[in-house]
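Trainee: Heads up, the sequence shown is in the numbering used here, so the first residue is 712 and it goes up one at a time.
Cβ coordinates follow ideal geometry from the N, Cα and C atoms, glycine included.
Only a predicted model underlies this, so the values are computations on that prediction, with no experimental measurement involved.
What follows is a structure written as structure tokens; I'll ask about it next.
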Amino acid sequence: MTVKKRTSDLNSLERFNMYYKPKEEKLSAGQKVKRFIWNSKTKEFCGRTGGSWSKICAFYFIFYSALAILVAICMWTFLQLLDARQPMWQLEKSIIGTNPGLGFRPTPSEVSSSVIWYKGNDPGSQKFWIDELKKFLEGL
């Protein structure tokens with residue numbers, strides 16, 4: 712926001728320019744767009760000088776380089792904490808616990824959950840799931 716000066720605060724050249732400055736010619740919309748893209752009087756491209764564009768490009772190059780380095784450091788640190796041979800959290804120590812459940816396909820129409828439930832000591836409760844799995848595998 713610019714503050715408008717009082718006439719008494721202006722020097723003589725500013726007062727002269729205020730009254731006798733040549734008016735700019737009226738431009739069409741196409742000419743305004745053309746002048747915005749390249750203004751030959753002020754040597755500006757999209758409203759910025761070459762120095763301004765170089766400062767912006769340098770800033771963003773440094774900024775995104777720093778972000779890439781930060782992500783690389785975080786990834787390296789994370790990968791150093793992983794063991795390639797076995798998971799860190801197992802069985803009782805994990806969030807899932809010792810009974811994680813099992814997802815399945817195909818989903819039977821009368822079951823509203825995607826988890827298979829059966830009694831381990833009752834072979835009759837497993838028969839439904841075995842039959843559904845056989846039907847599914849025959850369809851492949």
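Cβ atoms of Gly758 and Phe747: under 8 Å apart, would you say?
Mentor: Phe747 places its beta carbon less than 8 Å from that of Gly758.
Trainee: Would you report the Cα separation of Glu803 and Thr809, rounded to the nearest angstrom?
Mentor: 6 Å
Trainee: Work out the CA separation of Phe772 and Ile807 for me, nearest whole Å.
Mentor: 44 Å
Trainee: Which residues does DSSP pair with Phe756 in a beta bridge?
Mentor: Trp749, Arg759
Trainee: Can you tell me whether Leu778 is helix, strand or coil according to DSSP?
Mentor: helix
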